[in-house]
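Numbering (my numbering), first residue to last: 23 to 88.
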């Protein structure tokens, strides 16, 4: 049995509340990993460059008064 298969079997045996807690932890863990992803960092840098160079649009909801 692979490590992943072992983990999957253990997760299936968890009580629902513990599985939900694991789900929350895993979501946080994966989100933290995504934040360090080079593509994510590059997209933030592109956005900052767009802001500095004035390549932005302002979105106003239709019901907002000008």
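Backbone N, C-alpha and C define an ideal beta-carbon position, used for all residues, glycine too. Note that the coordinates shown come from a computational prediction; the quantities given were computed from them, not determined experimentally.
Alpha carbon to alpha carbon, how far is residue j from residue i? Give it in angstroms, no decimals.
| i | j | result |
| --- | --- | --- |
| residue 65 | residue 81 | 20 angstroms |
| residue 28 | residue 51 | 20 angstroms |
| residue 70 | residue 58 | 17 angstroms |
| residue 31 | residue 60 | 33 angstroms |
With residue i as the anchor, note down where its alpha helix (DSSP H) starts and where it stops.
| i | result |
| --- | --- |
| residue 75 | Where residue 75 is concerned, there is no enclosing alpha helix (DSSP H), given that its DSSP letter is neither H nor E. |
| residue 82 | Segment: none, residue 82 is in no alpha helix (DSSP H) and carries neither H nor E. |
| residue 26 | 25–34 |
Do residue i and residue j have their C-beta atoms within less than 8 angstroms of each other?
| i | j | result |
| --- | --- | --- |
| residue 78 | residue 72 | yes |
| residue 36 | residue 48 | no |
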